[in-house]
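A.B. asks:
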Amino acid sequence: MDASEAMQQAIIQAYRVEGRTSPRPPVGAVVVRDGHIVGAGATAPPYGPHAEIVALTMAGTQAQNADLYVTLEPCCVTIHTPPCTQAIIAAGIQRVFVAQTDPNPLVAGRGITQLEAAGISVHMQPTIEASQLIRPFTTYITTQRPHVTAKWAMTLDGKIASIAGDARWISGPESRTWVHDLRDRVDAILIGANTARIDNAQLTVRLTPEQQAISQRTTRPAPWRVVIASNGDLPEPLALLQPALAERTIIIVGESCTQQQQQRLLAFGVRVLPVANDATGRADLLAALQALAGEGIMHVLLEGGAQLLGSAFEQMCIDDAVTFIAPIVIGGAQAPTAIAGRGVAQIQHGWSLDHLRVQQSGADVMVTGTINYQAYLQSTTRA
Numbered sequence: 101m102d103a104s105e106a107m108q109q110a111i112i113q114a115y116r117v118e119g120r121t122s123p124r125p126p127v128g129a130v131v132v133r134d135g136h137i138v139g140a141g142a143t144a145p146p147y148g149p150h151a152e153i154v155a156l157t158m159a160g161t162q163a164q165n166a167d168l169y170v171t172l173e174p175c176c177v178t179i180h181t182p183p184c185t186q187a188i189i190a191a192g193i194q195r196v197f198v199a200q201t202d203p204n205p206l207v208a209g210r211g212i213t214q215l216e217a218a219g220i221s222v223h224m225q226p227t228i229e230a231s232q233l234i235r236p237f238t239t240y241i242t243t244q245r246p247h248v249t250a251k252w253a254m255t256l257d258g259k260i261a262s263i264a265g266d267a268r269w270i271s272g273p274e275s276r277t278w279v280h281d282l283r284d285r286v287d288a289i290l291i292g293a294n295t296a297r298i299d300n301a302q303l304t305v306r307l308t309p310e311q312q313a314i315s316q317r318t319t320r321p322a323p324w325r326v327v328i329a330s331n332g333d334l335p336e337p338l339a340l341l342q343p344a345l346a347e348r349t350i351i352i353v354g355e356s357c358t359q360q361q362q363q364r365l366l367a368f369g370v371r372v373l374p375v376a377n378d379a380t381g382r383a384d385l386l387a388a389l390q391a392l393a394g395e396g397i398m399h400v401l402l403e404g405g406a407q408l409l410g411s412a413f414e415q416m417c418i419d420d421a422v423t424f425i426a427p428i429v430i431g432g433a434q435a436p437t438a439i440a441g442r443g444v445a446q447i448q449h450g451w452s453l454d455h456l457r458v459q460q461s462g463a464d465v466m467v468t469g470t471i472n473y474q475a476y477l478q479s480t481t482r483a
């Protein structure tokens, strides 16, 4: 087994716990001795051992003079668990291969320095997969809000529903299956109150047996279901307020939500997070995201609707976009489009996508990318 293959095995370990470690990053590690893996592990749910400790424990005495491959720089400080660097040194590891330095300023190169000071040879072995795995953690650490992936499905003419409000189903079954896999990799799914009322969304994760077999992800609690309802006006029959779903549901309310209304929501068994209003009198989106970060939520899937998506773009809160374009045209001047809000006055100031990827998803076309706000920041007419 060469170094590239060993690091790939560490990455596979990390993928198995994606969405299961927040507010810590999903990290994978393997211990290799004489070309064979003698220990492997991934970050445990909060606040269990880090990936390196799991792998070293499995390896036992075989870690002596072995190599350690890890997708993120080993930690060197005590927060909830002891430093991994000390365990690596004590185990007698000879060489450490690191895919990515830690974006956390408490570590940020210090882990590598500690290992090298102890006589351990450290080699950087960056990979795109390892970098992608910790992007939500990087956003969380550097911006004090969750990483936000926006998802929507639309027709070929950009509509998300017909003039009568019919939206089921715009995307095909293959796309909907892909969305459930995405939901399984995030900490929370966020929608607006209108979407909650109109769709009566459950925001559950329903993986196929094939998806479960391929991903081999560990079990986890359901992602948090989050609704921004500024005045707390959500009807009692709503699925998210029923006992089966309420325990993992958060309602974010603004200043217009009375204490009586908050108590009404709490009686359903949901959590209520009050935040300040923005200039429009609605619950402030950025404040809502920061409140979610305070709950240890590191990656949010934003599923709309159009008003919430538009606000998120204009406040530059979206990091990644995933959209499904269905091969159907429905027309209608009053039929809602995917992104509402004020928008931009000139095409050149729109939000563009970097790292663009276009692929087939059944009959649909799936477009993904990271949001580039540079042109929008140069606009004098933005909201």
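First residue of the sequence shown? That's 101 in our numbering, and the numbers climb one at a time after it. Each residue gets a CB set at the ideal place from its N, CA and C atoms; glycine is no exception. Being a predicted model, the structure only gives us computed values, none of them experimental.
Which residues bound the alpha helix (DSSP H) around M107?
C.D. replies: First-last of the alpha helix (DSSP H) with M107: 103-115.
A.B. asks: Can you give me the start and stop residues for the alpha helix (DSSP H) that L365 sits inside?
C.D. replies: Taken as a continuous stretch (DSSP letters only), the alpha helix (DSSP H) holding L365 covers 359-366.
A.B. asks: Taking its Cβ as the centre, do 16 or more other Cβ atoms sit within 10 Å of P174, making it buried, or is it exposed?
C.D. replies: Buried: at least 16 other Cβ atoms inside 10 Å.
A.B. asks: Less than 7 Å between C-beta atoms, sequence neighbours within five positions excluded: which residues of the same chain meet that for Y473?
C.D. replies: Only M416, W451 meet the Cβ criterion.
A.B. asks: Assess contact between the segment 365-381 and the segment 342-357, defined as three or more Cβ pairs (one per stretch) separated by less than 8 Å. Is contact present?
C.D. replies: They touch, by the three-pair rule.
A.B. asks: Using 8 Å as the Cβ pair cut-off and three pairs as the minimum, do the segment 335-351 and the segment 139-146 touch?
C.D. replies: Not touching, per the Cβ criterion.
A.B. asks: Give every residue of the same chain whose Cβ lies closer than 7 Å to the Cβ of S271, excluding the five residues on either side of it in the sequence, and list them in chain order.
C.D. replies: Within the same chain, S271 has close Cβ partners A253, F424, A426, D464.
A.B. asks: Quick check on S330: does DSSP put it in helix, strand or coil?
C.D. replies: Three-state result, S330: coil.
A.B. asks: Taking the DSSP output, what are the residues bridged to A426?
C.D. replies: Its beta-bridge partners are T255.
A.B. asks: Identify the residues that DSSP records as bridge partners of L290: which are they?
C.D. replies: V326, L402, per the DSSP bridge assignment.
A.B. asks: When the Cβ atoms of the segment 235-255 are set against those of the segment 210-220, are three or more pairs found closer than 8 Å?
C.D. replies: Touching, no.
A.B. asks: Under 8 Å, with one C-beta from each stretch per pair, do the segment 222-230 and the segment 107-122 reach the 3-pair mark?
C.D. replies: With a cut-off of 8 Å, the segment 107-122 and the segment 222-230 count as touching, because enough Cβ pairs lie within range.
A.B. asks: Pick helix, strand or coil for G139, following the three-state DSSP scheme.
C.D. replies: G139 falls in the strand class under three-state DSSP.
A.B. asks: Could you check whether the Cβ of A199 sits closer than 7 Å to any Cβ belonging to chain C?
C.D. replies: The structure shown contains no chain C, having only a single protein chain.
A.B. asks: What does the alpha-carbon distance come out to for the pair D257 and I439?
C.D. replies: About 13 Å.
A.B. asks: Taking the alpha helix (DSSP H) that D281 falls in, what are its first and last residues?
C.D. replies: Taken as a continuous stretch (DSSP letters only), the alpha helix (DSSP H) holding D281 covers 273-283.
A.B. asks: With DSSP run on the structure shown, which of helix, strand or coil describes Q474?
C.D. replies: Here Q474 sits in helix by DSSP.
A.B. asks: Determine the DSSP secondary structure at P374, reduced to helix, strand or coil.
C.D. replies: Here P374 sits in strand by DSSP.
A.B. asks: Three-state secondary structure (DSSP) at I397?
C.D. replies: Of the three classes helix, strand and coil, the one that applies to I397 here is coil, per DSSP.
A.B. asks: Just the Cα atoms here: how many angstroms apart are N165 and R195?
C.D. replies: Their Cα atoms are separated by approximately 8 Å.
A.B. asks: Return the chain-ordered list of same chain residues with a C-beta closer than 6 Å to the C-beta of G396, the five sequence neighbours on each side being excluded.
C.D. replies: Within the same chain, G396 has close Cβ partners S122, P123.
A.B. asks: Which whole runs of the alpha helix (DSSP H) in the segment 140-175 are 4 residues long or more, in chain order?
C.D. replies: You should have 151-159.
A.B. asks: Do Q186 and S231 have their beta-carbon atoms positioned less than 7 Å apart in this structure?
C.D. replies: Contact: no.
A.B. asks: Please tell me whether L453 and P246 are closer than 7 Å, where the distance is taken between their beta carbons.
C.D. replies: Contact: no.
A.B. asks: Using the C-alpha atoms, what's the distance from V467 back to Q459?
C.D. replies: Rounded to the nearest angstrom, the two C-alpha atoms are 7 Å apart.
A.B. asks: Give the C-beta separation of Y169 and V222 to the nearest angstrom, bearing in mind that I take them to be a contact with Cβ-Cβ under 8 Å.
C.D. replies: Y169 to V222, Cβ: 12 Å. No contact.
A.B. asks: Looking at V279 and the ligand FAD, is the gap between the Cβ and the nearest heavy atom below 6 Å?
C.D. replies: Looking at this structure, you won't find the ligand FAD or any other ligand, since it has none at all.
A.B. asks: Measure from the alpha carbon of A393 to the alpha carbon of each residue in I193, V117, M158, P236, then state which is nearest.
C.D. replies: The shortest Cα separation from A393 among I193, V117, M158, P236 belongs to P236.
A.B. asks: Since T349 is in the beta strand (DSSP E), which residue starts that stretch and which ends it?
C.D. replies: That run of the beta strand (DSSP E) goes 349-353.
A.B. asks: On a Cα-Cα basis, can you pick out the residue from L303, S330, R297 that is closest to A322?
C.D. replies: Taking only the C-alpha atoms, the option nearest A322 is L303.
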